[in-house]
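Asker: Quick note on my numbering: the sequence shown kicks off at 1 and runs consecutively.
In this text, a Cβ means the ideal position worked out from N, Cα and C, and glycines have one as well.
This structure is a prediction, so every number in the text was calculated from the model and none was measured.
Quick one: the structure is below, questions incoming.
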Amino acid sequence: MAKKARRERLRAPESSYTDDHGSLLVLRGALTPATRLQYRDVLAGNVLSQEDAWQRAVEFLFERLVVRWEIAGAEPLTRQKELLGRYRFATADERRWIRDVLREHLAEHFPDLQAP
Numbered sequence: 001m002a003k004k005a006r007r008e009r010l011r012a013p014e015s016s017y018t019d020d021h022g023s024l025l026v027l028r029g030a031l032t033p034a035t036r037l038q039y040r041d042v043l044a045g046n047v048l049s050q051e052d053a054w055q056r057a058v059e060f061l062f063e064r065l066v067v068r069w070e071i072a073g074a075e076p077l078t079r080q081k082e083l084l085g086r087y088r089f090a091t092a093d094e095r096r097w098i099r100d101v102l103r104e105h106l107a108e109h110f111p112d113l114q115a116p
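Here you go:
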């Protein structure tokens, strides 16, 4: 009986970004076509609430792109639920840094997508 060859799971390339305080954010370098369409819909949002759409677009990108977040030497966060929970409790400075990282990452890896 022949053994089945193990298929290697393809992994998206990752990019690392570090802030001035030693925190590290690792982002995935690929988005599926369906995710890109979902993002465009989220960013378009409700005409009456562009601010809400913009906030949701940042969170959407965070959910889809962040692989790991190491905060000032603490144990890295890698599980989606933990990452999103920590993002929701982030300080204003941390959120600003994350938005800047997401914008930089989109410009480099997804120039066809509008940054929030």
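Leaving out the 5 sequence neighbours to the left and right, which residues in its chain are closer than 6 Å to Leu-37 when beta-carbon positions are compared?
Answerer: Counting only Cβ-Cβ distances below 6 Å, and skipping sequence neighbours, we find nothing.
Asker: In the DSSP assignment, find the unbroken beta strand (DSSP E) run with Thr-35 in it and report its ends.
Answerer: It is not in any beta strand (DSSP E) - Thr-35 instead sits in the alpha helix (DSSP H) that spans 33-44.
Asker: Just to confirm, are Val-66 and Leu-25 a CB contact at a threshold of 8 Å?
Answerer: Yes, the Cβ-Cβ distance between Val-66 and Leu-25 is below 8 Å.
Asker: Tell me whether Leu-102 is buried or exposed, calling it buried when 16 or more other Cβ atoms sit within 10 Å of its Cβ.
Answerer: Leu-102 is buried by the Cβ-count criterion.
Asker: Considering only C-alpha positions, which residue in the set Thr-32, Phe-60, Glu-82, Phe-110 is nearest to Leu-43?
Answerer: It is Phe-60 whose Cα lies nearest to the Cα of Leu-43.
Asker: To the nearest whole angstrom, what separates the beta carbons of His-21 and Ala-92, a pair I think is in contact under 8 Å?
Answerer: No, His-21 and Ala-92 are not in contact; Cβ-Cβ is about 14 Å, not under 8 Å.
Asker: What's the call for Phe-89, buried or exposed, on a 16-neighbour Cβ count within 10 Å?
Answerer: So Phe-89 counts as exposed.
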